[in-house]
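Taking it in order: structure first as structure tokens, then the write-up.
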Amino acid sequence: MSLNTQSLQPVINFLWTVADDVLVNTYQKGKYKDVILPMVVIRRLDLLLEPTKEQVLKTFNEYKSKLQNLDSLLTNSKHGSGLAFYNTSKFTLKKLLDDPKNLRSNFENYLNGFSENVQDIIKQFKFRNEIETLDEADILFSLIEKFCSPKVELHPDKLPPLAMGYVYEDLVRRFNEENNEEAGEHFTPREIIDLMTHLVFLPVKDKIKQGTYLIYDPCVGSGGMLTIAKNFLLNPDGLIKSNATVHLYGQESTPFIYATCKSDMLIKGEDPDKIAYGSTLSAYGFDKDLKFDFMLTNPPYGKTWAPDKKALGVGPKGAIIDKRFMLKGSYKEEAVTSRVNDGQLMFVLHMLSKMKDTELGSRIASVHNGSALFTGDAGQGESEIRKYIIENDLLEAIVALPNDMFYNTGIPTYIFLFTNRKAKNRKGKIQLINASGEEFTFKMRKNLGSKRVEYKPEHIDLITKLCLEFKETEDSLIFDNEEFGYAQITVYRPLKDEKGNIITDSKGKPKPDPQLKDTENIPLKEDIQEFFEREVLPFAPDAWWEKKDTKIGYEINFAKYFYKHKPPRSLEEITAEIIEIEKETENLLKDIVE
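Each residue of the sequence shown is one higher than the last, beginning at -4 in the working numbering.
This is how it looks when you write it as structure tokens:
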């Protein structure tokens, strides 16, 4: 499904205007979301329930004293709402406006009438906390009246969940900008998700025409990745046209974003219980043995995971013993972790632990910044994670995205593709695709935050083609896994006394001078001793290295492989520019003096 985001601007602008018109003297702009977002959800649920209101009330009143649990009756299409939720209050939002004097108590009665699955959504929004403030400021009536206005169409038939997800997230971006918060924590541009679905599903499209598949996002946000992924897989007019059964799973730690996602799952007829609340790293919300076929995510990067690390440290002396982070072949006996100020690679380890050991295996697309490529020295957490991934042949490809693609940052970002079932021609190989050049991007007429460029469908098709064809071109390079590994050796120099004599130990071996100790990183494809003799001994004839101290590290210097030399400008060109600047300066000085 293509989405014309510009067509949604009137809805976004109207909702922002509601906030400015109604809440302006009562709430700071950064707090608008505490009212606007839950009201959007409530209105959408309200619109869906309006047609069956009388039927639900009739069934409720008839059976409330006869049956303890009315859920099955009140949700079926014959006696109830025909939806996964209902409301047993006699009110709708519009009917609340008929009795302004009792509005607060009636509104609370209306909220209390929702089914339990909606009560959890209202609870996570913490919306009941706002009712007193709205009532005391005498703006509750105006707020409800605005949301019932025909000027804004929030019905899911007119504004489907995919479009509503964009509206939610754009509002979140605006609200967070008022607080100088990180909007990108929740917001992934739709064309990036579209590209991710192409890269995840198309390589195995002939294998997923039938069957049952579980799609998972451990940082689900408002659910956009799950929605687009399922639509891409099942769309009868799409590239795959699968007849499979698909179940969507996700987890979100921000309460109001979780509530937003869960409400949309209700509206779409998905199972809302498959959206878990809490931190994926320390409070994983599903059975530990549950595995997934496809995973897509944009985990937070440059954000601390210190609370998770503390919560996970339940072993002896606070050690992490969670099996998701215990990697075979690492230098450590304990769990391997990234530095505490950036947990993005921890989410990767979590997803890798959720891969299925089936004929199809699992495929993952995950968005990261450059830190995931190179942060961490040999033996340190990030390098150990890359070592585990690459030595187990789990990394299929990395796609470099353009700068200024995201809403809150202009830094370089990358899509990592992982799979535990590589195609035969890809085994032992990693493909790097540089999709950051001008030929891959379209410059937007109007910026959205830091977002200045976007992918059009033809760009997505071009990038997908590069990936599927798996050939070397100017923008697609293919390397052996070992290309990104290196052996880090410690270079020792002898300790000498004041006279320049080498000091030895009891066995007659030279003692190393701690002040002269150094390290060298040697590509895995090179012989260490040959490198040492060529690059070290000519400058330090008394140096030595020891095999037992050698560590294997991995990093991916993406820019190195796609660097294009730009020749310096000619002397004539520079001279002409200087002369022109001097002329402008002289005229400016003349104007100032006169």
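In this text, a Cβ means the ideal position worked out from N, Cα and C, and glycines have one as well.
Taking buried to mean at least 16 other C-beta atoms within 10 Å of its own C-beta, is P536 buried or exposed? Residue mapping note: residue 536 aligns to position 541 of the sequence shown, counting from 1. By the neighbour-count rule (16 or more Cβ atoms within 10 Å), P536 is not buried but exposed.
Pairwise C-alpha distance: L10 and L18: Walking along the sequence shown from the start, residue 18 turns up at place 23. Walking along the sequence shown from the start, residue 10 turns up at place 15. If you take the alpha carbons of L18 and L10, they lie about 11 Å apart.
How many angstroms separate the CA atom of L194 from the CA atom of I359? Along the sequence shown, read from residue 1 onward, the residue named residue 194 stands at position 199. Along the sequence shown, read from residue 1 onward, the residue named residue 359 stands at position 364. Whole-angstrom Cα-Cα distance: 9 Å.
On the three-state DSSP scale, how would you describe G376? Stepping through the sequence shown from its first residue, residue 376 is reached at position 381. G376: helix per DSSP, three-state reduction.
Is there contact here, the region 411 to 428 with the region 348 to 356, by at least three beta-carbon pairs under 8 Å? yes
Cβ-based neighbour list, L221, same chain, cut-off 7 Å, excluding 5 preceding and 5 following: Position 226 of the sequence shown holds residue 221. Closer than 7 Å at Cβ, skipping near neighbours: I210, D212, V215, L243 and G245.
In whole angstroms, what is the alpha-carbon distance linking G264 and G324? Residue numbering aside, residue 264 sits at position 269 when the sequence shown is read from its first letter. Residue numbering aside, residue 324 sits at position 329 when the sequence shown is read from its first letter. Taking the straight line joining both Cα atoms gives about 44 Å.
Can you grab the Cα-Cα spacing for the pair S84 / L106, in whole Å? Within the sequence shown, numbered from 1, the residue matching residue 84 stands at position 89. Within the sequence shown, numbered from 1, the residue matching residue 106 stands at position 111. So the two alpha carbons sit approximately 8 Å from each other.
Taking 8 Å as the cut-off, decide whether the C-beta atoms of E550 and L307 are in contact. What you label residue 550 is simply residue 555 of the sequence shown in a count that begins at 1. What you label residue 307 is simply residue 312 of the sequence shown in a count that begins at 1. No, the Cβ-Cβ distance between E550 and L307 is not below 8 Å.
Under DSSP, the beta strand (DSSP E) around R358 begins and ends at which residues? On the sequence shown, position 363 is the one that residue 358 refers to. Looking at the DSSP string, the run of the beta strand (DSSP E) that includes R358 is R358 to N364.
The alpha helix (DSSP H) with L88 in it runs from where to where? Taking the sequence shown and counting its residues from 1, the one referred to as residue 88 is at position 93. Looking at the DSSP string, the run of the alpha helix (DSSP H) that includes L88 is L88 to L91.
Grouping DSSP H, G and I as helix and E and B as strand, with all else coil, what is M321? Residue 321 sits at position 326 when you count from the first residue of the sequence shown. In this structure, M321 counts as coil in the three-state DSSP scheme.
Going by DSSP in three states, Y22 sits in which element: helix, strand or coil? The residue labelled residue 22 in the question sits at position 27 within the sequence shown. DSSP places Y22 in coil when its eight states are reduced to three.
Can you check DSSP and say which residues form a bridge with A132? For the purposes of this step, residue 132 is taken as the residue at position 137 of the sequence shown. Partner(s): none; A132 has no beta bridge.
Where does the unbroken alpha helix (DSSP H) through L472 begin, and where does it stop? One-based indexing of the sequence shown puts residue 472 at position 477. Premise fails: L472 lies in the beta strand (DSSP E), S471 to D475, not in any alpha helix (DSSP H).
Quick check on G179: does DSSP put it in helix, strand or coil? The residue given as residue 179 occupies position 184 in the sequence shown. Its pLDDT being 44, under 50, G179 is placed unreliably by the model, and nothing is read from it.
Buried or exposed for I252, please, with buried defined as at least 16 other CB atoms from any protein chain shown within 10 angstroms of its CB. Working through the sequence shown from its first residue, we reach residue 252 at position 257. Under this definition I252 is a buried residue.
To the nearest whole angstrom, what separates the beta carbons of A224 and L291, a pair I think is in contact under 8 Å? Indexing the sequence shown from 1 puts residue 224 at position 229. Indexing the sequence shown from 1 puts residue 291 at position 296. With a Cβ gap of about 6 Å, A224 and L291 count as contacting.
Is the Cβ-Cβ distance between Q50 and G75 less than 8 Å? The residue given as residue 50 occupies position 55 in the sequence shown. The residue given as residue 75 occupies position 80 in the sequence shown. Yes, these two residues count as a Cβ contact at 8 Å.
Kindly indicate which three-state DSSP category V215 falls into: helix, strand or coil? On the sequence shown, position 220 is the one that residue 215 refers to. Coil at V215, not helix or strand.
Residue span of the beta strand (DSSP E) that contains D393, given as start and end: As a first step, residue 393 is located in the sequence shown; it is residue number 398 there, counting from the start. The question names Asp, but residue 393 in the sequence shown is Ile. Residues L390 to A395.
In three-state terms, what does DSSP make of Y279? Against the sequence shown, residue 279 aligns to sequence position 284. Coil.
With distances taken Cα to Cα, identify the nearest neighbour of F411 among C462, K446, V335 and W540. Here residue 411 is taken as the residue at index 416 of the sequence shown, counted from 1. Among C462, K446, V335 and W540, the Cα nearest to that of F411 belongs to C462.
Might you give, ordered along the chain, the residues of its own chain that have their beta carbon closer than 6 Å to the beta carbon of F80, omitting 5 neighbours on each side? Here the question's residue 80 lines up with position 85 in the sequence shown. If we look at F80 and ignore the five residues flanking it on each side, its Cβ neighbours are S110, N112, V113 and L261.
On the premise that F342 lies in contact with P407, defined as a C-beta separation below 8 Å, what is that separation, rounded to the nearest angstrom? As a working mapping, residue 407 is identified with position 412 in the sequence shown. As a working mapping, residue 342 is identified with position 347 in the sequence shown. That pair is no contact at about 19 Å.
Going by alpha carbons, who is nearest to F136 out of I116, D94, L78 and Q63? Translated into positions along the sequence shown, residue 136 becomes position 141. Nearest of I116, D94, L78 and Q63 to F136, Cα basis: D94.
Identify every run of the beta strand (DSSP E) within the region 108 to 169, keeping only runs that are complete inside it and at least 3 residues long; order them along the chain. none
Straight-line Cα distance separating T183 from T404: By one-based count along the sequence shown, residue 404 stands at place 409. By one-based count along the sequence shown, residue 183 stands at place 188. Cα to Cα, the separation comes out at about 11 Å.
In the DSSP output, which residue or residues are listed as bridge partners for Y591? Absent from the structure is residue 591, since the part of the chain shown begins at -4 and ends at 589.
Comparing alpha-carbon positions, which option in L519, D165 and G108 lies nearest S445? One-based indexing of the sequence shown puts residue 445 at position 450. Ranking the options by Cα distance to S445, first place goes to D165.
If you scan the region 525 to 575 from start to end, which runs of the beta strand (DSSP E) of 3 or more residues do you find wholly inside it? 546 to 549
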